[in-house]
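J.:
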Amino acid sequence: MPIDVIMPKMGMGMSEGKLSRWQVKDGDSVEAGQVVLEVETDKATAEMTADVDGVISVVVAEGEVVDVGTVLGRIEPAEGAVVKPRAGGAAEGPSAEILQANGIALNVQQTGEGPAVVFIHGLSSSMELWTGLDQAGFQGRTLISYDLRGHGRSEQTPGAHTLRKHTADLVALLETLRVEQASLVGHSLGAMIAVELAASRPESVRSLSLLSTTAAFPQETRNTLFELASAATFGGMEGIADTLIELTFRPAFRDANPKVVEAIRRSILSSDAASIVAATRMVAKADLRSRLGSLQCPTQVLVGSEDSLTPPDLSRQLAEAIEGAQLHELPDCGHAAPVEQPAPVTRLLAEFV
Amino acid sequence: MAVATAARTITIAEALNESIRLEMRADPKIVIMGEDIAGGAQVEHLEDDEAWGGVMGVTKGLVHEFGRERVLDTPISEAAFIGAAVGAAATGLRPIAELMFCGFLGSCLDSLLNQGSKLRYMFGGKATVPVTIRTMIGGGFRAAAQHAQTLYPMFANIPGLKVVAPSNAADAKGLLTASIRDDDPVIFCEHITMYTLKGEVPGGEHIVPIGKAAVARPGSDVTLLGVSLTAVHALNAAETLAKEGIDAEVIDLRTVSPLDEETILESVKKTGRLVIVDEANPLCGLASHIAGVVASRGFHWLRAPVGMVTAPHSPVPFSPVLEDAYLPNPQKVVSAVKETCSKAS
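Residue numbers (the working numbering), protein chains in the order written: chain A, 1 to 353; chain B, 1 to 345.
1) Per DSSP, what kind of secondary structure is I340/B in: helix, strand or coil?
2) Short of 6 Å in beta carbon distance, which residues of its chain neighbour Q296/A, apart from the five on each side in sequence? Order them along the chain.
3) Under 8 Å between beta-carbons, which chain B residues line up against N107/A? List them in chain order, please.
4) Are the Cβ atoms of V5/A and L72/A separated by less than 8 Å?
5) Going by beta-carbon coordinates alone, are P188/B and T132/B separated by less than 8 Å?
6) What ranges does the beta strand (DSSP E) occupy inside the region 158-232 of chain A, keeping only unbroken runs of at least 3 residues that lie completely in it?
7) Below 6 Å CB to CB, which residues in the same chain sit around E92/A once its five sequence neighbours on both sides are set aside?
8) List, from N- to C-terminal side, the beta strand (DSSP E) runs of 3 residues or more that fit wholly inside the region 225-292 of chain A.
9) Taking 7 Å as the cut-off, is the C-beta of A182/A nearer than that to any heavy atom in the ligand SAM?
10) Beta-carbon separation of I276/A and S124/A under 8 Å?
11) Would you verify that the beta carbon of E65/B is, or is not, closer than 8 Å to some beta carbon of chain A?
12) Hey, would you say A213/B sits closer than 8 Å to L235/B, going by beta carbons?
13) Scan the region 236-308 of chain B and note each continuous alpha helix (DSSP H) run of 4 residues or more that stays entirely inside, going in chain order.
14) Go to K18/A, then tell me how far its beta strand (DSSP E) extends in each direction, as first and last residue.
15) Whole angstroms is fine: what's the gap from Q23/A's alpha carbon to A96/A's?
16) Measure the C-alpha to C-alpha separation of H300/B and K173/B and round it to an integer number of angstroms.
17) Can a CB atom of chain A be found closer than 8 Å to the CB of N17/B?
18) Can you tell me where the beta strand (DSSP E) holding G73/A begins and where it ends?
19) What did DSSP end up calling L348/A once you bin it into helix, strand or coil?
20) With distances taken from CA atoms, which of G124/B, A178/B, A148/B, L113/B is nearest M154/B?
21) Reducing DSSP to helix, strand and coil, say where S294/A ends up.
22) Does the structure place the region 293-311 of chain A close enough to the region 203-217 of chain A that three or more beta carbon pairs sit under 8 Å?
23) Starting from R281/A, find everything on chain B with Cβ-Cβ shorter than 9 Å and list it in chain order.
24) Does chain A have any CB closer than 8 Å to the CB of E190/B?
25) Say whether the region 264-283 of chain A touches the region 307-321 of chain A, bearing in mind that this needs 3 or more beta-carbon pairs closer than 8 Å, one atom from each stretch.
26) Our contact map puts V277/B next to G219/B with C-beta atoms below 8 Å; I'd like the distance itself, whole angstroms only.
27) What does V365/A pair with, by DSSP beta-bridge criteria?
28) Looking only at its chain, what residues have a beta carbon closer than 6 Å to the beta carbon of H151/A, apart from the 5 residues adjacent to it on each side?
29) Taking the alpha-carbon of M136/B as reference, which of S228/B, Y121/B, V208/B has the nearest alpha-carbon?
30) Check this for me: beta carbons of S145/A and Q109/A, under 8 Å apart or not?
31) So, does the region 49-67 of chain B touch the region 27-35 of chain B, judging by three or more C-beta pairs under 8 Å?
32) Quick one: list the residues of chain A neighbouring A10/B, beta-carbon separation under 9 Å, in chain order.
33) What does A13/B reach in chain A if we use C-beta pairs closer than 7 Å?
34) Of all Cβ atoms in chain A, is any one closer than 8 Å to the Cβ of R303/B?
35) Decide yes or no for the touch test of the region 179-187 of chain A against the region 110-121 of chain A: beta carbon pairs closer than 8 Å, at least 3 of them.
Structure below.
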């Protein structure tokens, strides 16, 4: 999905600002952190930087005065690029905003018009997981992605994580956004949340796309997850970043995309260890098998052929347990299917949602 | 997916946690109990995160993996839950109880002195009491007289109890695993200041046998003997002494009871000099007992009187200045070694 560069709100009283100068041209390649334009108000001037590596397109011309939140330009991310965490006010505006839902602050991004599709990322990830998908494939849809509690820029909450809490977050988010029914696209833990919502509130869910997931982990994987939680409890994220990356990406992808992996490692290291520990324990204990029989909506299950964390067998069992579910196995793909194989994932999702 | 088996550098607290977790996975008869070892009184059910994981966080996370039926928060009554642990052990479970401070022995002594330690003997071997009591020893935490004691000599004085006290993370994991698997009651002593001490620890199953001391540093001029934190003091002192031309051998006792007399005597035979470092009170203590063993079995090898660096016969002071003066430290060990080595023979 393209990342918008928006007119920032640089002060309490600021409602509009002037795009004083573009420092790059339409179609230029930009790097995350590179200054792309300057904006000014009657009080201040500021430089805006790119949030991601990619190709920029100019939306608003130099010299124009526009409202806060207006899209000034769009960056089409390079393949596998990861969005750089933004600082301060730049996160405000319509492209990504902090909403209060279920009593906590959730970082939400919404674009497009039409029936809603909600993208739910997995453990120790963020909405940036979906950056590689081609937004053009989803014409006529409202695309909503958000950071789970304790992840990305959403609120870090004390205490245990439960699927019930995460599902309540999603229900509240849909209510806040006035979405009555949505197609859910969940990756790993995100797919568990999607299943839980579809089982508990079937009227809210139009379809389910379950990526790289399982209804319940085998005991050996549960043990590994509990070990990860314990290592992070005592040693912080540093102690588990490498293992998380090994579980997420297949070796060939790691070797071919060192910059992507490094960016994700940095993102993992900046995560809140207590939140990740709590979410990891929740995932380890999750067991949705009794929920699958009641699912009524159209469902597709996607899995990478080389997924070592949730191998294809688990997806096969999942698809068999859900009436009418389709199963798609993606070749040359590990656990992070939306990052490793964005093109086929986009195609399968776009056709389904 | 393989369970991690590679050695990693982790803290003593994490090493203990790992030992308990692996043993609980392997043996459904293991339960753990103690004050706040899961979550404390505010927590009603599993969906709420544990607040403590024990006062030092050693059991953090275990309630999530094993549930509240096997990770039991107890009332603040050592008499009740140490009694329950001993009773459960005698009747088929393999409990691990956390006696927060060893001074709380005062509240539950009967369970250990008259019950747990005696049952196997009194029933002619037909009963076993496979309980492990994890408990904190030691000063340096400014925790005052009741919460800074070093009571392994009192435990060791009771036949039927085994008493261990590791000095590093690898031994902490290996000795705790051995203690849990042992069919006798084991008092597992953890020094209050050492939980964050890091060391390389083997992944997967790791066992250090009870009753076997380690030669932590080979040397030829003098034997330094310590246990738990005092073994670390001895190693630090040995480094200082090496710079001054004194080559010290360091024995980390690891187990107080049963006592590995052979390893001690072998070392004394080689060096001819012995300095014992012990944080416990000295009267009828560990240092004096080992001095007695060496005097009766190895006197002919001694080239100088046995040196002893111990706490004085006094409660642990609360004043930081006085507590520092009270406790053994590497400087005191260095001085004692120099005195021992200066004596003629």
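Using N, Cα and C, we set each Cβ at its ideal position, and we do this for glycine too.
T.: The answer reads as follows:
1) The question names Ile, but residue 340/B is Thr in the sequence shown. DSSP places T340/B in helix when its eight states are reduced to three.
2) P202
3) In chain order: nothing, as chain B lies at least about 23 Å away.
4) yes
5) A small correction: the amino acid at residue 188/B is Phe; Pro does not occupy that position in the sequence shown. Yes; because the gap between Cβ atoms is below 8 Å, this pair is in contact.
6) 182-187, 205-211
7) The predicted position of E92/A is uncertain, since its pLDDT is 36 and thus under 50; a value taken from the coordinates is nonetheless stated next. For E92/A, where only same-chain residues beyond five positions count, the Cβ hits under 6 Å are K9.
8) none
9) As presented, the structure is devoid of all ligands, the ligand SAM included, so that no description of it is given.
10) yes
11) yes
12) no
13) 261-271, 286-298
14) 16-22
15) 23 Å
16) 38 Å
17) yes
18) 71-77
19) helix
20) L113/B
21) coil
22) yes
23) D49, G61, H64, E65
24) no
25) no
26) Between G219/B and V277/B the Cβ distance is about 15 Å, and since that is not below 8 Å, they are no contact.
27) Residue 365/A is absent from the structure shown; chain A starts at 1 and stops at 353.
28) S126
29) S228/B
30) yes
31) yes
32) For the sequence presented, residue 10/B should be read as Ile rather than Ala. Within 9 Å Cβ-Cβ: A231, F234, G235, G239.
33) F234
34) no
35) yes
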